[in-house]
Every structure is written in structure tokens, then in C-alpha cells.
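In this note's numbering, the protein residues as written are 11 to 449.
Now the structure itself:
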């Protein structure tokens with residue numbers, strides 16, 4: 011360094027400059043030289059080094075180098091080189107101005123630290139380009155994102171400590187040692203950040219939430235798709251296109267509904283109730299039977315008693331035919347119990363008692379209708395069941411699963427089925443309960 015300074019002074023003196031003007035001209039020339047060298051290094055990096063690296067990565071068969079060493083990362087790294095050149099030339103240029111040299115060295119050091127951290131953050135961010143759409147939901151990717159998030163926070167924290175150390179002219183290790191004594195205060199100040207960080211780690215490590223999931227969080231009126239996940243925030247785009255920012259601690263400490271299980275299953279559930287007026291529920295008479303048979307809403311088998319009841323009646327008939335006179339006398343001696351049994355059998359043989367109800371036929375027809383619909387997943391639970399009676403009528407619940415889980419198509423299919431269910435109730439002589447204002 012000293013030889014270069016003397017060489018520049020000799021050149022200045024050879025140019026005819028003498029006396030006190032020599033140091034001034036020397037500092038000006040050295041400053042201009044340092045700036046030109048810094049600009050030249052920046053130009054060489056941007057125009058020569060970056061294109062060479064880009065061409066080399068393009069020619070390789072692997073794709074990870076194209077993503078990691080992309081133009082954004084390399085351009086960010088180019089900002090460090092000119093600062094390093096100026097910082098290394100600082101003792102030569104401002105040797106006789108220690109105060110000015112100290113200020114510029116600290117400013118240049120801070121700039122180098124900031125740009126180095128920026129380059130590292132851009133490099134870490136470029137890892138997102140390596141994941142495919144299939145891998146985006148994998149646990150390994152979630153763990154990796156968690157690690158990257160923690161690494162970003164640590165790098166920013168260390169960079170902040172180093173910048174403060176440069177400003178104060180202290181050793182960064184001394185500041186790190188001092189932070190141990192103030193850890194309680196730091197934990198109090200950054201309590202929410204630490205809690206959010208811990209909750210974010212739990213979300214990703216327990217595979218509770220992924221980017222692209224449809225979630226519902228009633229406590230914050232969130233109902234939409236997860237667009238962004240970090241260790242401190244979760245951004246959800248509601249279906250009305252509003253954005254809700256949720257703390258991971260809110261999700262972990264509270265509760266939220268994740269619809270990914272439904273999206274991966276064989277269908278989306280439908281659970282709808284229809285209330286029927288009690289006064290419209292009746293036994294099927296001949297007129298209603300003929301109408302239902304004519305319109306193919308029922309078959310002859312629908313009006314036959316159940317197989318178990320048929321067997322019981324047949325067994326009773328056979329038993330009565332083969333009774334001996336002695337057995338008849340013995341049965342007559344049994345009194346009221348035997349008479350009651352005979353009365354029950356006589357009631358069961360009554361055609362009116364064996365006739366099905368219109369609600370029973372409607373329920374069976376709707377189950378058959380649902381099983382014949384191609385949009386309904388018949389391999390999952392499917393039933394039309396009767397619930398406990400209420401003051402608003404007798405509820406009939408339609409419980410089945412639709413294969414198409416896309417919201418719009420799901421709603422269309424659901425509407426078609428339920429509209430059909432409402433319209434068919436009149437064909438069976440049923441009335442859907444409706445509460446009028448005067449009621």
C-alpha cells in the first residue's frame with residue numbers, strides 16, 4: 011500500500027505539482043481510481059461473469075442449478091463486489107484522514123453486511139422454484155419451508171447485531187454475550203413473535219395446514235384458500251376475494267376446519283332435512299296405489315308385507331290348521347293371553363294394517379332415486395332416514411355424498427336432487443311443512 015501511495019506521489023510531482031497540493035491531488039486521484047475500479051468490477055460481474063454462469067447452468071442437464079443460480083441471485087451478489095473493492099482500498103486512499111476513513115469503512119461494512127444478507131435471502135427464496143405442484147403439499151416441503159423461515163429470522167437477527175457492532179465499533183461476539191443477560195427483556199418484547207414462531211413450527215411439523223388448503227376459521231370470519239404460509243402469518247383469501255391475515259398461534263390455540271379431507275375423499279357430503287306435515291302422512295289406499303303404480307313410483311312388491319311378517323303369519327296359519335281337538339281345548343284354557351295373541355294375528359291379517367304409508371314409499375323411492383343418480387357416490391353412506399318428530403313436522407333427512415367436490419357443480423347437483431325431492435312429495439300425497447305468518 012505504501013509503495014502504491016509513493017508511486018502516485020512521484021507521478022504527481024513529475025506532472026509539475028509541488029508543495030501542499032500534492033496530498034490533495036493524491037487523495038482525489040486515489041478516490042477517483044477507487045471509484046473507477048469499483049465500477050469496473052461491477053461491470054465485469056454483470057456483463058461478463060453473470061452471463062458466463064447463466065450459460066453454464068443452462069447447458070447442464072440438472073434443473074436445480076438453473077433455479078438456485080438464477081439471474082436475481084447473481085445480480086444481488088454483484089452488489090457486494092464493488093463495496094469489497096472500495097473497502098479494501100480505503101486504507102490506501104484515506105491513510106492521512108483516519109476519522110474520514112473510519113466513517114467510510116463503517117458505512118461500507120454495513121453495506122456489505124446488508125447486501126450479503128439480501129443475497130442469502132434471495133438464494134433461500136429461490137428454493138421455492140425447485141418444488142413441483144405435487145411436492146408442494148408434502149411434509150418434507152413443509153419441514154423445509156419451516157427450516158428456511160427459521161434460517162431467515164436467524165440471519166436477520168445476526169445481521170442486525172453485526173450492524174450495531176459496526177456502528178459502535180465493538181466486537182459482535184461481545185454484543186452476543188451481552189444479549190444473554192437481557193434475554194428476559196427480549197422474550198418479553200418479542201413474546202408475540204416467539205409464540206407465532208412456535209405455532210408456525212407446530213402447524214408445519216404436525217402437517218396441519220398447507221398452502222392451497224381450504225380452511226374455515228369462525229373466530230376471525232375466514233373461509234377460503236390459504237395463499238401464503240410463513241412462521242408468523244397465514245394469509246387466507248376468502249371466497250369474496252378479501253384477504254384475512256391470521257396468526258399461527260390463533261390456529262393452534264383455537265380451532266379451524268380444514269376441508270382437505272373432503273377434497274381427497276370420494277365425495278362431498280349432503281345432509282339436508284325436509285319437514286313433512288303430520289296430517290299428510292297416511293296409509294296408501296287403492297287410488298294412491300294405482301297412481302303410484304301407473305307413474306312407476308312404486309312396484310307391486312312395495313305393497314307386500316315384509317318377509318319376516320309373512321313368515322310369522324304363514325307359521326301361525328299352519329299351526330292353526332294342524333291343531334288337534336285336545337290342543338284347541340288346552341289353548342282355550344289358557345285364557346286371555348292366548349286370546350290376545352290371536353287378536354294380534356287377526357289385526358295383522360287386516361289389509362289396512364299391512365298397507366304401507368305414503369311416507370314409507372316416498373322414502374324408499376328417494377333412496378332408489380339417489381342410487382340411480384350417476385353423480386352420487388353409492389360406495390359411501392347413502393340413506394334417507396326419519397328423525398325425531400318436532401313441532402315443525404316430521405323431519406326426513408337426506409344423507410349422501412356427491413362425487414363432484416367443486417363448489418359450483420356440487421351446488422348444482424344438490425339443487426337438482428332436492429328440487430326433485432320437493433316436487434315428488436305431492437305425488438305421494440305428502441305436504442311439506444310450511445309455517446305461515448299467522449301461525
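Just so it is clear, CB atoms sit at the ideal spot from N, CA and C, and this is done for glycine as well.
Could you give the DSSP three-state label for residue 268: helix, strand or coil? Residue 268 carries a strand assignment under DSSP once its states are collapsed to helix, strand and coil.
Exposure label - residue 253; buried when at least 16 CB within 10 Å: Exposed, since its Cβ has fewer than 16 Cβ neighbours within 10 Å.
Indicate, with yes or no, if the ligand FMN has a heavy atom lying under 8 Å from the CB of residue 286. Ligands in the displayed structure: none, and consequently the ligand FMN is not present.
Return helix, strand or coil for residue 71, following the three-state DSSP convention. In the structure shown, residue 71 sits in coil (DSSP, three-state: anything other than H, G, I, E or B).
Here's a check: name, in chain order, each residue in its chain whose Cβ is nearer than 6 Å to the Cβ of residue 176, leaving out the five neighbours to either side. The answer, listed in chain order, is 116, 119, 120.
Short of 8 Å in beta carbon distance, which residues of its chain neighbour residue 272, apart from the five on each side in sequence? Order them along the chain. Cβ neighbours of residue 272 beyond the five flanking positions: 278, 279, 415.
Measuring alpha carbon to alpha carbon, tell me which of 375, 390, 444 ends up nearest residue 437. Among 375, 390, 444, the Cα nearest to that of residue 437 belongs to 375.
What does the alpha-carbon distance come out to for the pair residue 283 and residue 373? Going from the Cα of residue 283 to the Cα of residue 373 covers about 13 Å.
Would you call the region 190 to 210 and the region 219 to 236 touching, i.e. three or more CB-CB distances under 8 Å? Counting Cβ pairs under 8 Å, fewer than three are found: no touch.
Specify the secondary structure class of residue 161 as computed by DSSP and reduced to three states. Note: residue 161 maps to helix in three-state DSSP.
Identity of the residue in 39, 98, 222, 231 nearest residue 239 by Cα: 222 is the residue among 39, 98, 222, 231 whose C-alpha sits nearest the C-alpha of residue 239.
What are the uninterrupted segments assigned as alpha helix (DSSP H) that are 4 or more residues long and contained completely in the region 169 to 193, given in chain order? Within the region 169 to 193, the complete alpha helix (DSSP H) runs of at least 4 residues are 182 to 191.
Among 288, 213, 406, which one has its Cα closest to the Cα of residue 377? Checking every option, the nearest Cα to that of residue 377 belongs to 406.
Just to confirm, are residue 292 and residue 439 a CB contact at a threshold of 9 Å? It is a contact, given that the beta carbons lie within the stated cut-off.
Tell me, to the nearest whole angstrom, how far the beta carbon of residue 41 is from that of residue 87; I am working on the premise that it is less than 8 Å. Incorrect: roughly 25 Å between the Cβ atoms, too far for contact.
Host alpha helix (DSSP H) of residue 203 (start-end): Its alpha helix (DSSP H) spans residues 201 to 215.
By Cβ distance, which residues of its chain are closer than 7 Å to residue 264, with the 5 residues on each side in sequence left out? Excluding residues within five positions, the ones whose Cβ falls inside 7 Å are 229.
Of the listed residues 70, 89, 79, 391, nearest to residue 133 (C-alpha basis): Comparing Cα positions, the closest option is 79.
Beta-carbon contacts of residue 137 that lie in its chain and below 8 Å, excluding the five residues immediately before and after: Apart from sequence neighbours up to five positions away, the residues of its chain that approach residue 137 with a beta-carbon distance below 8 Å are 77, 78, 154, 158, ordered along the chain.
Inspect the CB distances between the region 87 to 104 and the region 42 to 52 and report whether three or more fall short of 8 Å. They touch, by the three-pair rule.
Other residues of its chain near residue 393: CB distance less than 6 Å, five sequence neighbours each side excluded: Closer than 6 Å at Cβ, skipping near neighbours: 409.
What three-state label does DSSP hand residue 465 in the structure shown? The chain is shown from 11 up to 449; residue 465 falls before or after that span and cannot be answered.
Shorter than 9 Å from the beta carbon of residue 54 to some beta carbon of chain D? Structure shown: chain D not included; a single protein chain is present.
Nearest candidate by alpha-carbon position, reference residue 308, set 258, 260, 368: When each option's Cα is compared against that of residue 308, the closest is 368.
Span separating the alpha-carbon of residue 381 from that of residue 72: Taking the straight line joining both Cα atoms gives about 51 Å.
Could you give the distance in angstroms between the alpha-carbon of residue 419 and the alpha-carbon of residue 92? Taking the CA atoms as reference points, residue 419 sits about 59 Å from residue 92.
Could you tell me the distance, in whole angstroms, from the CA atom of residue 304 to the CA atom of residue 245? Their Cα atoms are separated by approximately 58 Å.
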